[in-house]
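Structure, as structure tokens:
Numbering (my numbering), first residue to last: 62 to 368.
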């Protein structure tokens, strides 16, 4: 059940509760998720925040927004302060002309964490978000307790071209005036390719309500251009990450991948950039781990972050 209320300050609050019959006065209280905005230099970030305790940053990937993390927020917020921003250019965050290299996007998130008074955090990232998570940990090593990387790859690390050059190459170079004209008003058609073809089973991928939500989010002015720019920045990301990788991360790292997506590739990359890596290939899942294998992924992340 989802309900909405207003805090005294006017902040929008979403109350997330399981759709179960209440049989006892001792039933768990619903989890409140606040929707806020923060200025972080040249970007304004929209973010969700919930819970109390040690802070965890959740960083979404392409074709999604912070919305993807709601099921994980409901569990993590029981023991942690959970912060899930829409990254620069996505969702309800601002869409500057530039700054879509992952090093800069990580600096946005770091500024958000600092503005909330958090000096040490755990970071979780999926897809493009895992690249931002790695860039965060590599730039602010002493401030990251633990890191979770979820299904995609790290540009510039190891034999990375075998994953991004040989599979679905077209969309990494799909940007500019003509691509924008082609997808305007057809955002849903464009994203169906990712939601269907990157899943183990398109019928058990991103849900229909969420597809509608994401298509509308990216259809906002500047949304598709910003999304294309994160791929356009891969060349710079590869240079940055190759430099970062010269010094391995020392905090514990969990790598979760889909058996029908990146397989063990990201796990191998993780071991090239970090000393303490636990790798898990999620059996039967494609790329959309939170949607395809939520019952496996959520408990694993919660357990890792509460060790």
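Heads up, the beta-carbon is just placed ideally off N, CA and C, and yes, glycines get one too.
Predicted, not measured: the structure shown is a model, and the values here were computed from it.
>> Is the separation between the beta-carbon of residue 363 and that of residue 136 shorter than 9 Å?
In response: Taking 9 Å as the cut-off, the beta carbon of residue 363 is found closer than this to the beta carbon of residue 136.
>> Going by DSSP in three states, residue 304 sits in which element: helix, strand or coil?
In response: Helix.
> Near residue 143, which residues of its chain fall below 6 Å by C-beta distance, leaving aside the five closest residues on each side in sequence?
Replying inline: These residues qualify, in order along the chain: 111, 112, 117, 134 and 137.
>> What does the alpha-carbon distance come out to for the pair residue 324 and residue 223?
In response: Distance between the alpha carbons of residue 324 and residue 223: 13 Å.
>> On the criterion of 16 or more Cβ atoms from any shown chain inside 10 Å, does residue 231 qualify as buried, or is it exposed?
In response: With fewer than 16 neighbouring CB atoms inside 10 Å of its own CB, residue 231 falls in the exposed class.
> If you run the structure through DSSP and keep just helix, strand and coil, what is residue 356?
Replying inline: Note: residue 356 maps to helix in three-state DSSP.
> Around the Cβ of residue 48, are there at least 16 other Cβ atoms within 10 angstroms (buried) or fewer (exposed)?
Replying inline: Lying before the first or after the last residue shown, residue 48 is absent from the chain, which here runs from 62 to 368.
> DSSP state of residue 121, grouped into three classes?
Replying inline: DSSP places residue 121 in coil when its eight states are reduced to three.
>> Can you find the residues in the same chain that come closer than 6 Å, C-beta to C-beta, to residue 154, ignoring five residues on each side of it along the sequence?
In response: Closer than 6 Å at the Cβ level, and outside the excluded window around residue 154, lie 106, 107 and 147.
> At which residues does the alpha helix (DSSP H) containing residue 198 begin and terminate?
Replying inline: 189 to 200 is the span of the alpha helix (DSSP H), which, as asked, contains residue 198.
>> Quick check on this structure: which residue in 169, 213 and 368 has the alpha carbon closest to the alpha carbon of residue 320?
In response: Measuring from the Cα of residue 320, the nearest candidate turns out to be 213.
> Who are the Cβ neighbours of residue 365 in its own chain at under 8 Å, not counting the five residues just before and after it?
Replying inline: Once the five neighbours on either side are set aside, the close Cβ partners of residue 365 are 207, 209, 313, 315 and 339.
> Which whole-angstrom value is the C-beta distance of residue 164 and residue 336, which I expect to be below 8 Å?
Replying inline: Not a contact, Cβ separation roughly 22 Å.
> Which word fits residue 156, buried or exposed, when buried means at least 16 other C-beta atoms lie within 10 angstroms of its C-beta?
Replying inline: Looking at its Cβ environment, which holds 16 or more other Cβ atoms inside 10 Å, residue 156 is buried.
> Nearest-angstrom Cα distance between residue 198 and residue 248?
Replying inline: Looking at the two C-alpha atoms, the distance is approximately 32 Å.
> In terms of alpha-carbon separation, which member of 311, 169, 159 and 203 lies closest to residue 180?
Replying inline: Relative to the Cα of residue 180, the nearest Cα in the group 311, 169, 159 and 203 belongs to 203.
> Roughly how many angstroms separate the alpha carbons of residue 254 and residue 176, rounded to a whole number?
Replying inline: The alpha-carbon separation between residue 254 and residue 176 amounts to approximately 37 Å.
>> Since residue 184 and residue 205 should fall inside the 8 Å C-beta cutoff, what is the C-beta to C-beta distance between them, to a whole number of angstroms?
In response: The C-beta distance from residue 184 to residue 205 rounds to 6 Å, short enough to fall under 8 Å.
> So residue 241 packs on residue 285, CB below 8 Å; how close in whole Å?
Replying inline: Cβ-Cβ separation between residue 241 and residue 285: approximately 6 Å, consistent with a contact (criterion under 8 Å).
> Comparing alpha-carbon positions, which option in 119, 173, 152 and 161 lies nearest residue 191?
Replying inline: If we check each option's Cα against that of residue 191, 119 comes out closest.
> So the alpha helix (DSSP H) residue 270 belongs to, where does it begin and stop?
Replying inline: First-last of the alpha helix (DSSP H) with residue 270: 269 to 279.
> Nearest-angstrom Cα distance between residue 318 and residue 97?
Replying inline: Approximately 31 Å between the Cα atoms of the pair.
> Comparing alpha-carbon positions, which option in 357, 310 and 346 lies nearest residue 201?
Replying inline: It is 310 whose Cα lies nearest to the Cα of residue 201.
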